[in-house]
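*Asks:*
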Amino acid sequence: MTDRIVIVCGGTGGHFYPGLSIAVEHMRNGGHPKIFLTGRNAGQQAQIANGQGIESKILPSSPAPKGLRGKISFILHSLKCILESRKKLKAVKPDAVLSMGSFHSAAPSIAAWTLGIPLFIHDGNARIGKANLFLSRFAHHMALSFPPVNDSGIRCKWTVAGMPMRHQIAGCSLDKAEAVKLLNSKTGSNFSAGLPIILVFGGSQGAEGINQRMPEAMKMQGDEKFQLIHISGTGNRENLEKAYSGAGFAYKIIENTGEMEILYSASDLVICRSGGSTIAELAIFAKFAILVPYPHATDNHQDDNANHYCSCGAGIKFPESELSVNKLASTIASFLENPAEFAEKGLCARTLAKPNAAAEILKLIEKFVDKVEM
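Per my numbering: the sequence shown = residues 1 to 374.
(1) If you reduce the DSSP assignment to three classes, tell me which class THR187 lands in.
(2) According to DSSP, which residues form a beta bridge with VAL8?
(3) Could you give the distance in angstroms between the alpha-carbon of LYS87 and the alpha-carbon of SER232?
(4) So, helix, strand or coil for GLN227, using DSSP?
(5) Give me the DSSP bridge partner(s) of TRP158.
(6) Check this for me: beta carbons of ASN305 and SER274, under 8 angstroms apart or not?
(7) For ARG377, collect the residues of the same chain with a Cβ closer than 8 angstroms to its Cβ; drop the 5 residues on either side in sequence, then sort them by chain order.
(8) Ordered along the chain, which non-local residues of its own chain (more than five positions away) have a Cβ less than 8 angstroms from that of SER265?
(9) Within its chain, find whatever has a CB closer than 7 angstroms to the CB of SER85; leave out the 5 residues flanking it on each side and keep chain order.
(10) Just to confirm my understanding: we take CYS81, look at its own chain, exclude 5 residues before and 5 after, and list those with CB closer than 7 angstroms. What are they?
(11) Would you tell me roughly how many angstroms separate the C-alpha atoms of VAL24 and ALA247, rounded to the nearest one?
(12) CB VAL200 to CB HIS230, shorter than 8 angstroms?
(13) I'd like to check one pair, GLU281 with THR169: are the Cβ atoms closer than 8 angstroms?
(14) So is GLU261 buried or exposed if we call it buried at 16+ other beta carbons inside 10 Å?
(15) Taking three-plus beta-carbon pairs below 8 angstroms as touching, is the segment 158-169 in contact with the segment 353-361?
(16) Return the residue from the list GLN212, GLY10, GLY258, ASN211 that minimises the CA-CA distance to HIS167.
(17) What does DSSP give as the partner residues of LEU282 in its beta bridges?
(18) Taking Cβ positions, are PHE226 and LEU336 nearer each other than 8 angstroms?
(19) What does DSSP give as the partner residues of GLU344 in its beta bridges?
(20) Measure the alpha-carbon distance for GLY379 versus ALA289 and round it to whole angstroms.
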């Protein structure tokens with residue numbers, strides 16, 4: 001087994017949590033992973049990793065270059081970051097380095113290459129990011145979450161291995177009745193497993209566009225026999241409580257949750273953004289989804305993610321600029337007329353699910369490291 005792996009996580013939770021899932025899987029198998037963290041969230045992420053028993057180190061990082069001056073500054077700062085990363089890597093002596101993407105991870109990844117340490121990359125979207133395309137020329141292999149729409153830019157071998165996720169998500173076996181019972185006990189709700197449940201969330205960024213449209217669209221359904229769970233995002237709960245006030249259906253507003261597996265299992269329709277982790281989770285739970293890509297995502301990668309999910313018939317995509325309250329209300333009304341039909345469509349997502357992604361990525365790394373050592 002490849003004993004010592006350094007996993008480089010830079011930037012947002014979309015890079016960190018999949019990397020953490022791989023580290024946890026590696027440790028479960030007897031390995032000794034370490035996480036190198038970069039970016040402004042590194043301190044908080046280090047605490048989370050340490051809480052899982054994963055050793056972490058915080059490195060300086062270089063943000064994405066913008067403009068000529070930004071590019072010059074990026075190069076100069078990156079050289080400093082590469083030297084610092086080399087020191088840390090020499091001390092750890094890993095068998096391999098796995099970079100989870102973003103420009104924040106560029107310096108440690110290049111440092112690994114300069115030391116002759118096998119470099120692997122993971123990308124979490126259907127459109128490969130610019131940083132990963134650049135780093136691919138130094139990498140042995142790239143593991144992808146979804147079939148890529150821009151594979152011509154990849155300069156190394158690649159495999160669609162899936163999106164690593166927590167065992168609570170990937171291995172969840174709750175049925176709807178069990179999930180609703182748990183939901184009620186944890187939130188003080190009184191939901192019925194016999195009625196349709198709609199789950200709404202906007203993700204870690206950009207919940208506003210969905211939050212603004214949902215209350216009115218739901219109230220247009222009248223007093224239909226359905227229930228709603230809306231994850232508001234930090235700081236948005238009070239406004240949503242006011243917006244839903246007087247609704248003739250059962251609803252629960254939750255600011256945030258660490259137990260999405262319960263909510264997915266309890267729901268019959270999901271309305272959400274289309275980040276890479278969300279798409280992978282929807283496939284695990286085989287849910288029909290109304291997808292509203294975050295309009296400010298880099299290179300519109302959420303649009304490509306949504307196209308991938310909808311390609312099997314398990315979802316419908318609405319660009320936020322085209323999503324009126326009436327259009328959203330009409331689609332929800334269609335679901336309420338025939339929930340069983342939408343549930344059947346959602347089952348098509350099983351063809352996209354890759355619940356063993358973390359293990360598959362570790363196998364890929366071990367296979368190629370063994371080849372290098374031969």
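C-beta: ideal position from N, C-alpha, C; glycine also.
In this text, all values refer to a predicted model and were calculated from it rather than measured experimentally.
*Replies:* If we stick to the structure as given:
(1) What you label residue 187 is simply residue 187 of the sequence shown in a count that begins at 1. Helix.
(2) Counting from one through the sequence shown, the residue named residue 8 turns up at place 8. Paired residues: PHE36, SER99.
(3) Residue mapping note: residue 87 aligns to position 87 of the sequence shown, counting from 1. Residue mapping note: residue 232 aligns to position 232 of the sequence shown, counting from 1. LYS87 and SER232: Cα-Cα distance of roughly 43 angstroms.
(4) Along the sequence shown, read from residue 1 onward, the residue named residue 227 stands at position 227. GLN227: strand per DSSP, three-state reduction.
(5) The residue labelled residue 158 in the question sits at position 158 within the sequence shown. The partner list for TRP158 (beta bridge, DSSP) reads MET142.
(6) Counted from its first residue, the sequence shown places residue 305 at position 305. Counted from its first residue, the sequence shown places residue 274 at position 274. Against a cut-off of 8 angstroms, the Cβ pair of SER274 and ASN305 comes out as a contact.
(7) Not covered by the structure: residue 377. The range shown for the chain is 1 to 374.
(8) Locating residue 265 in the sequence shown gives position 265, counting from the first residue. CYS172, LEU174, ASP175, LYS176, GLU178, ALA179, PHE285.
(9) Taking the first residue of the sequence shown as position 1, residue 85 is located at position 85. Only LEU59, ALA107, PRO108, ALA111 meet the Cβ criterion.
(10) Within the sequence shown, residue 81 is the residue found at index 81, counting from 1. Only LEU59, PRO60, SER61, SER62, ALA107 meet the Cβ criterion.
(11) Position 24 of the sequence shown, counted from the start, is the residue given in the question as residue 24. Position 247 of the sequence shown, counted from the start, is the residue given in the question as residue 247. Near 43 angstroms, if we compare the C-alpha coordinates of ALA247 and VAL24.
(12) One-based indexing of the sequence shown puts residue 200 at position 200. One-based indexing of the sequence shown puts residue 230 at position 230. Yes; because the gap between Cβ atoms is below 8 angstroms, this pair is in contact.
(13) Working through the sequence shown from its first residue, we reach residue 169 at position 169. Working through the sequence shown from its first residue, we reach residue 281 at position 281. It should be noted that the sequence gives Ile, not Thr, for residue 169. In contact: ILE169 and GLU281 (Cβ atoms closer than 8 angstroms).
(14) Taking the first residue of the sequence shown as 1, we reach residue 261 at position 261. Buried.
(15) yes
(16) Position 167 of the sequence shown, counting from 1, holds the residue named residue 167. For the residues GLN212, GLY10, GLY258, ASN211, the minimum Cα distance to HIS167 belongs to GLY258.
(17) For the purposes of this step, residue 282 is taken as residue 282 along the sequence shown, with counting starting at 1. Bridge partners of LEU282: none, in fact.
(18) Position 226 of the sequence shown, counted from the first residue, corresponds to residue 226. Position 336 of the sequence shown, counted from the first residue, corresponds to residue 336. Yes, Cβ-Cβ distance for PHE226 and LEU336 is below 8 angstroms.
(19) Along the sequence shown, one-based indexing puts residue 344 at 344. Per DSSP, none; premise fails for GLU344.
(20) Any answer about residue 379 is impossible in this case: the structure gives the chain only from 1 up to 374.
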